[in-house]
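Participant:
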Amino acid sequence: MSEGVYHPVLDPALAPPFPKAVLPVLRNPQLRKNVAHAIDVIQAKRGRLVAEKTDWQELRSAGAAIRTHALENLGTYLEQFEERCTAAGGTVHWAGDAAEARQIILNLLREEKASEVIKIKTMTSAEIQLNPFLEAAGVRTYETDLAEIILQLGEDEPSHIVVPALHVNRAQVREIFARRMGLKDLSDDPHALTAAARNYLRRKFLDIPTAISGANFLVAETGAVAVVESEGNGRMCLTLPRTMITLAGIEKVLPRFQDLEVMLQVLARSATGERMNPYTSIWTGVTPGDGPQRFHVVLLDNGRTSILAKTTERQTLRCIRCAACMNGCPVYRQTGGHAYGSVYPGPIGAILTPQLMQMHHAQTLPFASSLCGACYEVCPVKINIPEVLLELRSQVVDQERREAVRFFDPMYLGLRIANVIFAKAWLFHAAQFFGRIGLGLFTRKDGWIHSLPSVGAKWTQTRDLRGLPQQTFHGWWATRAAKPSGEAR
Amino acid sequence: MSAPIPSRERILGRVRSATNSVAKAHGELEDAYAELPREYVRAGRLSDEGRLELMINRLREYDAEVVECAPDELPAAIAEKLEASGKHRFVAPPGAPTAWLIPSAWEITGFEWNIDHGLTAAEIEQAEGVVTGAFCGIADSGTIVLHHSSTEGRRVLTLLPDWHLCILRASQVVETLPEYFRRCEQAPVLATYISGPSATADIEMTRIKGVHGPRFLHVIMVRD
């Protein structure tokens with residue numbers, strides 16, 4: 000952000016751990032206010048529209064079942080999609096990882112001799128960090144979604160998957176547009192700002208012959224692709240250029256066209272609190288005389304097959320990127336998205352990011368949750384995010400305690416010692432005895448411990464600790480049993 | 000060719016081994032799909048009147064302007080809309096009935112029509128308005144469905160002009176989204192679902208009409 004004190008890092012391999020990344024955000028009251036305002040507006044709208052839907056739970060169950068079925072039979076449906084899309088005039092490419100996807104896209108752009116490309120908002124492209132790669136290779140990228148323009152011109156990063164610039168307010172947008180579009184007299188009225196974006200892009204839509212999109216859904220039955228949007232920039236990119244390149248994760252497949260009757264009902268309500276998003280576009284390969292005459296789909300794995308292989312974690316891939324979980328999350332509401340160090344923030348990011356990184360990075364994310372379960376409750380495809388969070392937490396702990404450098408880590412050392420002590424009653428009693436003496440040194444007259452040295456300070460710097468009582472429960476029980484009933488003290 | 004075949008085989012191989020224990024055999028896939036729970040509302044519950052009223056209310060909530068007319072009043076209704084628009088240059092899809100193309104049927108001067116027999120984007124961009132039919136209307140969400148037939152026009156035709164007049168017949172309106180899917184005898188090759196005019200809420204969640212698509216949506220509901 001222009002006046003920002005830090006630049007968010009959304010590459011999980013480079014981003015600081017969540018507890019550290021969150022600090023600059025917590026110290027930025029403007030950003031927190033912007034995030035909280037946006038979240039409150041979306042939540043209120045979503046709440047109203049979900050409440051009016053009498054069959055909401057049935058829709059969720061159907062959505063979950065369709066997505067689960069698609070994932071469990073993904074091989075068949077992917078091949079079917081490839082076959083039908085190809086028959087309709089599209090070309091399907093397969094990319095094992097981000098680097099391969101970037102190279103495929105660059106090669107396609109080179110075949111087109113494209114020096115510029117217009118883009119529909121796609122988080123998958125952000126996931127593979129496509130824009131910096133293309134820019135370095137000499138291809139200028141123009142984001143066309145209003146929020147993405149704000150971020151691109153402001154050299155900022157997305158903090159939400161549906162409303163990526165929700166952390167920026169109108170005054171900040173005005174400053175960015177005035178500076179980057181050379182509009183000195185621009186007002187901060189959202190109408191004027193939107194009009195500025197419309198003028199900025201209108202010629203680009205008509206002049207740049209190559210476009211890149213993501214996909215909300217791929218339909219195996221027909222080989223069609225569906226994109227949902229609000230502004231019409233998507234329709235522009237899907238209609239005017241000569242060549243369209245669509246990047247999609249392999250998990251985006253739906254078995255049949257009619258499955259959209261469930262997905263479209265839950266998606267807009269969950270994402271933006273609308274009964275339906277203003278524009279949904281569905282296209283199948285190439286249609287002579289209508290839209291791009293060259294069409295490529297790049298199917299991206301990039302860690303998805305390793306998630307697919309695990310029973311508990313597989314449900315992560317049901318996600319339809321509606322962002323209801325982050326809108327409902329008490330942690331996200333306080334932190335916004337940048338602290339997650341990934342283009343996928345919030346609860347879904349906390350489970351998706353470390354898995355896409357094959358648990359090599361972002362290990363603090365599964366702990367960035369209070370496990371309150373709000374995310375699970377709102378998820379339109381019933382992803383049990385708390386369940387996956389717990390599974391990943393245990394994997395992180397298993398991973399860490401095997402690391403040699405952690406051998407003398409106070410926490411793991413303490414837990415190993417506790418493991419020995421808790422196994423023997425006499426050791427436990429001895430520990431209680433010495434603990435009472437040891438902690439007694441720190442216990443004030445009011446019975447509370449206000450500060451502890453070393454690792455203990457991790458607790459006492461934010462809260463007090465009750466001192467150990469003079470008598471244990473066992474001790475009390477023994478004295479009680481020795482006395483007649485009714486005189487337990 | 001840039002797509003290396005090994006990646007395809009490698010990814011599909013990984014998918015197959017990841018889903019080995021849960022994937023259905025080819026013969027069982029259809030049955031498994033048929034058994035997926037679909038207990039959500041799949042048929043409307045409103046009367047014919049109620050359905051149309053809901054559709055019109057939803058469209059109005061989107062700031063679309065809606066008028067109703069009988070089939071024989073349609074040319075007059077179109078003429079009125081065109082005149083009220085203050086615009087002069089219009090485009091229409093190749094299958095548009097001549098009765099829509101005022102003044103070919105009515106003696107009102109000043110309207111210039113360009114029929115899309117392969118107009119360029121620049122030519123369509125010059126138009127101030129477009130008149131089309133539709134495939135279906137969905138009352139529950141106030142959605143207009145285009146399948147881009149010859150009366151609905153190519154996708155670009157309803158995109159570049161700032162003003163869209165859509166002619167929807169009452170018999171085309173269904174109550175719920177699933178009913179629209181039942182109406183599709185086969186899946187459309189191209190489809191656009193329009194639920195209100197182009198909009199954004201990207202700046203402080205303030206809803207702004209008309210970013211890139213048409214800013215003004217008008218609907219004539221023909222009581223057929």
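Same order as they appear, the protein sequences are chains A and B.
Each residue of the first sequence is one higher than the one before, starting from 0 at the first, in numbering that gives the first Met the number 0.
Each residue of the second sequence is one higher than the one before, starting from 0 at the first, in numbering that gives the first Met the number 0.
Glycine included, each C-beta is placed from N, C-alpha and C at the ideal position.
Quantities reported herein were computed from a predicted structural model and do not represent experimental measurements.
Quick one, are the C-beta atoms of residue 295 of chain A and residue 243 of chain A less than 9 Å apart?
Facilitator: yes
Participant: What are the start and end residues of the alpha helix (DSSP H) that includes residue 36 of chain A?
Facilitator: 28–50
Participant: Going by Cα to Cα distance, which pick from A/96, A/137, A/124 is closest to residue 115 of chain A?
Facilitator: Restricting attention to A/96, A/137, A/124, the CA atom closest to the CA of residue 115 of chain A is found in A/137.
Participant: Nearest chain B C-beta to residue 343 of chain A closer than 9 Å, yes or no?
Facilitator: no
Participant: Among the residues of its own chain, which have a CB less than 6 Å from the CB of residue 96 of chain A, if the five just before and after it don't count?
Facilitator: Contacts found: 301.
Participant: Which residues in the same chain have their Cβ closer than 7 Å to the Cβ of residue 2 of chain A, if we skip the five residues on either side of it in sequence?
Facilitator: For residue 2 of chain A, the predicted model reports a pLDDT of 44, less than 50, meaning its position is unreliable; a value from the coordinates is still stated below. Setting aside the 5 residues that flank it on each side, residue 2 of chain A has no residue in the same chain whose C-beta is closer than 7 Å to its C-beta.
Participant: I need the DSSP call for residue 129 of chain A, collapsed to helix, strand or coil.
Facilitator: In the three-state reduction of the DSSP assignment, residue 129 of chain A falls in the helix class, which pools H, G and I.
Participant: Across which residues does DSSP place residue 212 of chain A in a beta bridge pair?
Facilitator: A/245
Participant: Return no unless some Cβ of chain B is closer than 9 Å to the Cβ of residue 537 of chain A.
Facilitator: No statement about residue 537 of chain A is possible, as the shown extent of chain A runs from 0 to 488 and does not include it.
Participant: With DSSP as the reference, label residue 359 of chain A as helix, strand or coil.
Facilitator: Residue 359 of chain A carries a coil assignment under DSSP once its states are collapsed to helix, strand and coil.
Participant: DSSP three-state label for residue 113 of chain B, please.
Facilitator: strand
Participant: Below 8 Å on the Cβ atoms is my guess for residue 90 of chain B versus residue 56 of chain B; work out the distance and round it to an integer in Å.
Facilitator: Going by Cβ atoms, the distance from residue 90 of chain B to residue 56 of chain B rounds to 29 Å, so no, they are not a contact pair.
Participant: How should residue 284 of chain A be labelled, buried or exposed, when 16 other C-beta atoms within 10 angstroms of its C-beta is the threshold for buried?
Facilitator: buried
Participant: What does residue 190 of chain B pair with, by DSSP beta-bridge criteria?
Facilitator: A/281.
Participant: Find the nearest neighbour of residue 68 of chain A within the set A/254, A/225, A/173, A/46, judged by alpha-carbon distance.
Facilitator: It is A/254.
Participant: What distance in whole Å lies between the Cβ atoms of residue 110 of chain B and residue 101 of chain B, which are believed to be in contact at a cut-off of 8 Å?
Facilitator: 6 Å
Participant: Whole angstroms are fine: how far does the CA of residue 199 of chain B sit from the CA of residue 165 of chain A?
Facilitator: 12 Å
Participant: Classify residue 487 of chain A as helix, strand or coil using the three-state DSSP reduction.
Facilitator: Confidence at residue 487 of chain A is low in this model, with a pLDDT of 47, below 50, so the placement of that residue should be treated as unreliable; the coordinate-derived value is given next. Note: residue 487 of chain A maps to coil in three-state DSSP.
Participant: Quick check: residue 321 of chain A and residue 265 of chain A, are their CB atoms within less than 9 Å of each other?
Facilitator: yes
Participant: Determine contact between the region 325–333 of chain A and the region 350–361 of chain A, defined as no fewer than three beta-carbon pairs at a distance below 8 Å.
Facilitator: no
Participant: Compare the C-beta of residue 399 of chain A against all C-beta atoms of chain B and say whether one is closer than 9 Å.
Facilitator: no
Participant: From residue 177 of chain B to residue 220 of chain A, what distance separates their C-alpha atoms?
Facilitator: Approximately 17 Å between the Cα atoms of the pair.
Participant: What's the call for residue 410 of chain A, buried or exposed, on a 16-neighbour Cβ count within 10 Å?
Facilitator: exposed
Participant: Can you find a CB in chain B that lies within less than 9 Å of the CB of residue 261 of chain A?
Facilitator: yes
Participant: Taking the Cβ atom as the reference point for each residue, do residue 188 of chain A and residue 201 of chain A lie within a distance shorter than 9 Å?
Facilitator: At least 9 Å separates the beta-carbon of residue 188 of chain A from that of residue 201 of chain A.
Participant: Is residue 501 of chain A close to chain B? Criterion is C-beta to C-beta, closer than 9 Å.
Facilitator: With chain A running from 0 to 488 in the structure shown, residue 501 of chain A is simply not present.
Participant: Anything in the region 177–203 of chain B with a Cβ closer than 8 Å to a Cβ of chain A? List those residues in chain order, please.
Facilitator: 177, 179, 180, 183, 186, 187, 188, 189, 190, 191, 192, 193, 194, 195, 196, 197, 198, 199, 200, 201, 202, 203
Participant: Counting contacts by CB-CB distance shorter than 9 Å, is residue 197 of chain A in contact with chain B?
Facilitator: yes
Participant: In the structure shown, what three-state DSSP assignment does residue 225 of chain B receive?
Facilitator: In the structure as shown, chain B starts at 0 and stops at 223, and residue 225 of chain B therefore has no counterpart that could be examined.
Participant: Chain B partners of residue 249 of chain A, CB-CB under 8 Å?
Facilitator: 10, 14
Participant: Under the three-state reduction of DSSP, which class applies to residue 221 of chain A: helix, strand or coil?
Facilitator: Residue 221 of chain A: coil per DSSP, three-state reduction.
Participant: With a cut-off of 9 Å, does the C-beta of residue 278 of chain A fall near any C-beta of chain B?
Facilitator: yes
Participant: Tell me, please, whether the CB atom of residue 289 of chain A is closer than 9 Å to any CB atom in chain B?
Facilitator: yes
Participant: Return the CA-CA distance between residue 47 of chain B and residue 141 of chain B, expressed in angstroms with no decimal places.
Facilitator: 15 Å
Participant: Among B/223, B/157, B/134, B/154, which has the Cα closest to the Cα of residue 183 of chain B?
Facilitator: B/134
Participant: Comparing the C-beta of residue 407 of chain A with each C-beta of chain B, is any distance below 9 Å?
Facilitator: So, not an interface residue.
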